[in-house]
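Enquirer:
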Amino acid sequence: MFSKLSRKLNLFALTWRLPIIIWQFVFFVGPVLFMVAMSFFLVKNYRMTEAFEFVNWSKMMNRGYFWDSYWYTVFIAAVSTVCAMCIAFPAAFALAFRASDSTRRWAIFLLIIPFFTSYLVRTFSWFVILSESGVVNAMLGSIGLGPFTMLNTNFGTLVGYMTLTLPLVVILQTVTMANIDKTLVEAARNLGCSAFRTIWQVIIPLSKTGLIIAAIFCFILSFGDFVAPFYLGGSQEPTLPILILDTTKSGQQWPRAAVVAIMMMLTLFAIAFIGIALAYRKPKGAK
Amino acid sequence: MNANRTLNVILGIYVALIFAFVFAPIIFSMIFSFNSQRFPTIPLGEFSTEWYAKILADPDVWEAALNSLIVSTCTALIATFLGFCTAYSDFRYNFRFKGPYLALILLPPTIPLIIMALAMLAWFSKIGMSGQLYSVIIAHSVLTAPFAMAVIRLRLNQMDPDLEAAAWNLGGSEWQTMRSVIIPFCKPAIASALFLTAAVSFDEFAVSWFVSGLNKTLPVIILEIVQGNIDPQVNAIGTFVFLISMTLVVLAQVFFASRQLKSIRS
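Sequences listed follow chains A and B, in order.
Take the first sequence: its letters are residues 560 to 846, numbered as in my numbering.
Take the second sequence: its letters are residues 131 to 396, numbered as in my numbering.
1) If you draw a straight line from the alpha carbon of A:V786 to that of A:L725, how long is it in whole angstroms?
2) Can you give me, in chain order, the residues of the segment 826-843 of chain A that have a beta carbon less than 7 Å from any beta carbon in chain B?
3) Please name the residue, chosen from B:I156, B:P291, B:I245, B:Y144, that lies closest to A:S677 on a Cα-to-Cα basis.
4) Please name the residue in A:L743, A:W582, A:L804, A:A754 whose C-alpha comes closest to that of B:L137.
5) Are the beta-carbon atoms of B:L212 and B:A297 separated by less than 8 Å?
6) Is B:I367 near B:V191, with beta carbons less than 8 Å apart?
7) Cβ of B:V325 within 8 Å of Cβ of B:V379?
8) Just grab the DSSP bridge partners of B:F177 for me.
9) So, for B:A382: in the same chain, excluding its five sequence neighbours on each side, which residues have a beta-carbon less than 6 Å away from its beta-carbon?
10) Exposed or buried, A:S659, counting other C-beta atoms within 10 Å across all chains shown (16 or more means buried)?
11) Taking 8 Å as the threshold (C-beta atoms), are A:F675 and B:A329 in contact?
12) Between B:F164 and chain A, is the shortest Cβ-Cβ distance under 8 Å, so that the two count as touching?
13) Quick check on DSSP: helix, strand or coil for B:S310?
14) Applying a beta-carbon distance threshold of less than 8 Å, which residues of chain B neighbour A:Y790?
15) Would the beta-carbon of B:W181 fall within 8 Å of that of B:Q363?
16) Exposed or buried, what is B:P318 when buried is set at 16 or more other beta-carbons lying within 10 Å of its beta-carbon?
17) Within 10 Å of its beta-carbon, does B:Q288 have 16 or more other beta-carbons around it, so buried, or fewer, so exposed?
18) Given that B:E180 touches chain A, what residues does it touch there, using C-beta distances under 7 Å?
19) Over what stretch of residues does the alpha helix (DSSP H) that includes A:T712 continue unbroken?
20) Would you kindly report the start and end of the unbroken alpha helix (DSSP H) that includes A:M824?
21) In chain A, what lies closer than 8 Å to B:V379 by C-beta?
22) Alpha carbons only, please: which of A:M823, A:T640, A:F832 is nearest the one belonging to A:F625?
23) Closer than 7 Å by C-beta to A:S598: which residues in its own chain qualify, once you throw out the five before and the five after it? Chain order, please.
24) Please compile the residues from chain A whose C-beta is within a distance smaller than 8 Å of the C-beta of B:D333.
25) Three Cβ pairs or more, each shorter than 8 Å: is that satisfied between the segment 644-661 of chain A and the segment 725-737 of chain A?
26) When you compare only the Cα positions, how much space is there between B:L353 and A:A829?
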């Protein structure tokens, strides 16, 4: 970049451009690259020594528990994404097409609130609400049902994931659908298209990009969360984030945790890449 | 038309249910924080401020609160400065490698926090900066700068690019124009970004937990209490944290929205 200094590049321009470059290289690119390097380090007598060995990689890749955990995490994050997208859709549809502008703005403002409340406290709250003698079972018990075991199950994990992702997914879906051209929707209806066919063949294709981005975010959040599977799912089947946590916090095996982290990042890159390619692919027949 | 009415009612109820699900844990946590039972269920126990008294008497909580305050204030200042620099560079200049430049600041929030936590912990240990309060501040600045950048960039979008050029034509240097045109114009967004980044930092627990060492912040204290057993103190601390975060978010919204309305009117 400095070999070909453009004429406009003066002290003023550099003042605004350089701080972030330096800062992010030292404190963002640095850590990430170091983590990649660390995955080749050795641990001897509980001390990490710099090396270039593939032993951590071969150890982790040949362990059954790693792959069990890997596929379980992919599976539960995918289930979470499908649930969040389906649960959010009718609400987003209502807010985008049936609500007034001011209602929609208030709804979005309210949905932003959860992002600024402690996710830990909310999870803890669910822990108490969903327990054997908690609020939900007490209510179900009063009409003669239950008690149901909800904690330490996949259901518990999913409730946690929904707490984390549902507000964001509803917001993204609402904003996307509110921005599509309403006249196209009306035209479809006037031409005799049924309501469901309008949703399926007009609204969803028109908001495809936004919907896919919502799904990608939902997957990233669920895939990387350790709180819900740990506290609500009971971590019987540890997810990858829990694996990182255990390996780092108790075992001092940072290089192996780095291997797990890199595998997670590669998976997320692949999913984001496929998702974005699908999101921006032109529909068949379009010019 | 009647079918349409019915559908609207059904959709209305559905939206209400979604909101109930989203807000249930927040509201229950507040109710539980005033509930005498150690293990709350229905019917609720008596009203009690026991848990609040307990946390207020705990020096660890006070120290963590102070740490959180320091971390979120410093994070807000650094992240907003970085966000402003990037937003202005993006607004004003076109240059080679602009894509990677923007990716550099916008990427961190898309990486799961647990991975950032591990990477930061390892890196800070390597360069001898781990376990300090400033480690948390640095890590949080990286994580929150994109939010500041987004808020300020949106504000710059509303500025007429000719405004800057006009100031130059009238003889103002680039620095003078920055000080007396751009920064005043961005003030509401800067205020908004400060509160927003402070709020995000105030709630973050994964990275704080990994890099803070013995300098625990409030969310880290919550994490440790939750790990132990059922303890309604969590609800009391949570309610406090919620009130502080909400105040910050509302302030951020007020600053951002009020000026937007003004600029639309004028």
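Idealized CB from N, CA, C, for every residue including glycine.
Expert: Let's see:
1) 16 Å
2) Within the segment 826-843 of chain A, contact with chain B at the beta-carbon level (separation under 7 Å) is assigned to no residue.
3) B:I156
4) A:A754
5) no
6) The Cβ atoms of B:I367 and B:V191 lie closer than 8 Å to each other.
7) Reading off the sequence shown, one finds Phe at residue 325 of chain B, where the question assumed Val. Contact flag set, yes.
8) B:N165
9) S322, F325, L326
10) exposed
11) yes
12) no
13) Here B:S310 sits in helix by DSSP.
14) V356
15) yes
16) Burial call: buried.
17) Its Cβ having fewer than 16 others within 10 Å, B:Q288 is exposed.
18) Those do not exist, as B:E180 stays about 16 Å from chain A at its closest Cβ, beyond 7 Å.
19) Segment: none, A:T712 is in no alpha helix (DSSP H) and carries neither H nor E.
20) 813-838
21) I671, I672, F675
22) A:M823
23) If you ignore the 5 residues before and after A:S598, its C-beta comes within less than 7 Å of the C-beta of N615, W616, P814, A817, V818, I821, all in its own chain and listed in chain order.
24) F675, T676, S677, Y678
25) yes
26) Straight-line measurement puts the Cα of A:A829 at about 32 Å from the Cα of B:L353.
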